[in-house]
Amino acid sequence: MVGLKPSDVPPTMAVKFLGAGTAACFADLLTFPLDTAKVRLQIQGENQAAQAARLVQYRGVLGTILTMVRTEGPCSPYNGLVAGLQRQMSFASIRIGLYDSVKQFYTPKGSDNSSVTTRILAGCTTGAMAVTCAQPTDVVKVRFQASIHLGPGSDRKYSGTMDAYRTIAREEGVRGLWKGTWPNIMRNSIVNCAEMVTYDILKEKLLDSHLLTDNFPCHFVSAFGAGFCATVVASPVDVVKTRYMNSPPGQYLSPLDCMIKMVAQEGPTAFYKGFMPSFLRLGSWNVVMFVTYEQLKRALMAACTSREAPF
């Protein structure tokens, strides 16, 4: 048996909210360079002339990170981390913390188990809700990750995270902070379904078949499977979302226009640019997040129970 024991009392919504946001931030701290490498690989080839002028080419996950460190400094893989943590505290808290409650809401009264359809519906709902609230943080995160700074003389559009929010709102309007909301809703609804539903079902099957107990090995296997499924189904939408959110005004008329131009200029394989860093990122992120989330829920419930216990 590894880690804290499951609580006899179901975790409250507040515990799920706090646990999900904190676990997601911890996962982001460990895997953020992989996410930045994914963004750089996804936008590579978007503007051939600009890329040729910069003479920066990224090859593979490790090669991308090493190139960034060599050309932009050791902190460059963490560009946008502050916005990333802001995003997780709002985004993950909603999509993960609310999942069980929304799933119960959609489950017919008198039913002991939730169907796959119910779980998918719950995942889509919480994913869409989370994006609607956290979209500005995602826009700023991607802008920082995509920006290339080749030394002190290069232009730095934003001096900091808060300046980025203000600059985008001033130059592109408040709507600019919600740029790419629809592709992001599509992407995160898919990702949330793949992550939450796969994790939910795998964990349930492993426990029901008595292959594993409700502890670290079970959480690890379920989270790894969730990360792989999420990467496969969400990668095409993720690439479109990244390019559209990072594009200057007027480059693409809509997410659909972005998708059509990608296919015309780079072929259908462009939808899976950055797949390996996406998988490494989502796989490792899911393992860290779900394992931490399960332990945080138990620790927080244990703290609540001990505080309420009579002396």
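Just so we're on the same page, this note's numbering is the position in the sequence shown counted from 1, plus 270.
Glycine included, every Cβ here is placed at the ideal spot set by N, Cα and C.
For Ala322, which of helix, strand or coil comes out of DSSP?
Bear in mind that the predicted position of Ala322 carries a pLDDT of just 42, short of 50, making it unreliable; the figure below should be weighed with that in mind. Reduced to three states, the DSSP call for Ala322 is helix.
Pro538, enclosing alpha helix (DSSP H) - first and last residue:
Secondary structure note for Pro538: it is in no alpha helix (DSSP H), with a DSSP letter that is neither H nor E.
What's the C-alpha gap between Gly544 and Gln327?
Distance from the CA atom of Gly544 to the CA atom of Gln327, rounded to whole angstroms, is 13 Å.
Figure out for me which residue from Thr575, Leu288, Ile460, Val386 has the closest Cα to the Cα of Val401.
Taking only the C-alpha atoms, the option nearest Val401 is Ile460.
Using only CA atoms, which one of Pro276, Met456, Asp484, Arg457 lies nearest to Tyr469?
Ranked by how close their Cα comes to the Cα of Tyr469, the residues Pro276, Met456, Asp484, Arg457 have Asp484 in first place.
Under 8 Å between the Cβ atoms of Ala416 and Val309?
Cβ distance < 8 Å, so Ala416 and Val309 count as in contact.
Boundaries of the alpha helix (DSSP H) in which Asn349 is found, first to last residue:
For Asn349, there is no enclosing alpha helix (DSSP H), as DSSP marks it with neither H nor E.
Tell me whether the beta-carbon of Gln314 lies closer than 8 Å to the beta-carbon of Arg513.
No, the Cβ-Cβ distance between Gln314 and Arg513 is not below 8 Å.
Length of the line joining the Cα atoms of Ser629 and Glu342
Outside the shown range of the chain (271 to 581) lies residue 629, about which nothing can therefore be said.
Taking 8 Å as the threshold (C-beta atoms), are Glu465 and Asn556 in contact?
Annotated as proximal: Asn556 and Glu465, with beta-carbon spacing under 8 Å.
Whole angstroms are fine: how far does the CA of Thr431 sit from the CA of Gly537?
Between Gly537 and Thr431, the C-alpha separation is close to 35 Å.
Please work out which residues of its chain come closer than 6 Å, Cβ to Cβ, to His489, disregarding the five sequence neighbours upstream and downstream, and give them in chain order.
Around His489: Phe560, Val561, Glu564.
In whole angstroms, what is the alpha-carbon distance linking Pro378 and Ser384?
For Pro378 and Ser384, the gap between their C-alpha atoms comes out near 8 Å.
Would you identify the three-state DSSP class for Met271, choosing helix, strand or coil?
With a pLDDT of only 47 at Met271, under the threshold of 50, the placement of this residue in the model should not be trusted; the figure read from the coordinates follows. Assignment of Met271 by DSSP, reduced to helix, strand and coil, places it in the coil class.
So which of Thr407, Pro347, Thr539, Phe541 has the shortest CA-CA distance to Gln358?
The candidate whose alpha carbon is nearest that of Gln358 is Thr407.
Counting along the chain, where does the alpha helix (DSSP H) carrying Ser459 start and finish?
Its alpha helix (DSSP H) spans residues 451-462.
Arg365 in three-state terms, based on DSSP:
Of the three classes helix, strand and coil, the one that applies to Arg365 here is helix, per DSSP.
Is Ser479 helix, strand or coil by DSSP?
The answer is coil: DSSP assigns Ser479 none of H, G, I, E or B.
Can you tell me the Cα-Cα spacing of Gln356 and Val409, whole angstroms?
So the two alpha carbons sit approximately 12 Å from each other.
Would Thr539 be called buried (16 or more neighbouring beta carbons within 10 Å of its own) or exposed?
Exposed, because fewer than 16 other Cβ atoms sit within 10 Å of the Cβ of Thr539.
Report the CB separation of Leu300 from Val507 in whole angstroms; it is logged as a contact under 8 Å.
In this structure, Leu300 and Val507 do not form a Cβ contact; the two beta carbons are roughly 24 Å apart against a cut-off of 8 Å.
With 16 other Cβ atoms within 10 Å as the buried cut-off, status of Gly330:
With fewer than 16 Cβ atoms within 10 Å of its Cβ, Gly330 is classed as exposed.
Give the single residue among Arg551, Thr387, Trp452 whose Cα lies nearest to the Cα of Leu526.
Shortest Cα-Cα distance from Leu526 to any of Arg551, Thr387, Trp452 involves Trp452.
From Val491 to Leu552, what distance separates their C-alpha atoms?
One C-alpha to the other measures close to 14 Å.
Short CB-CB distance (under 8 Å) between Asp408 and chain B:
No chain B is part of this structure, which consists of one protein chain only.
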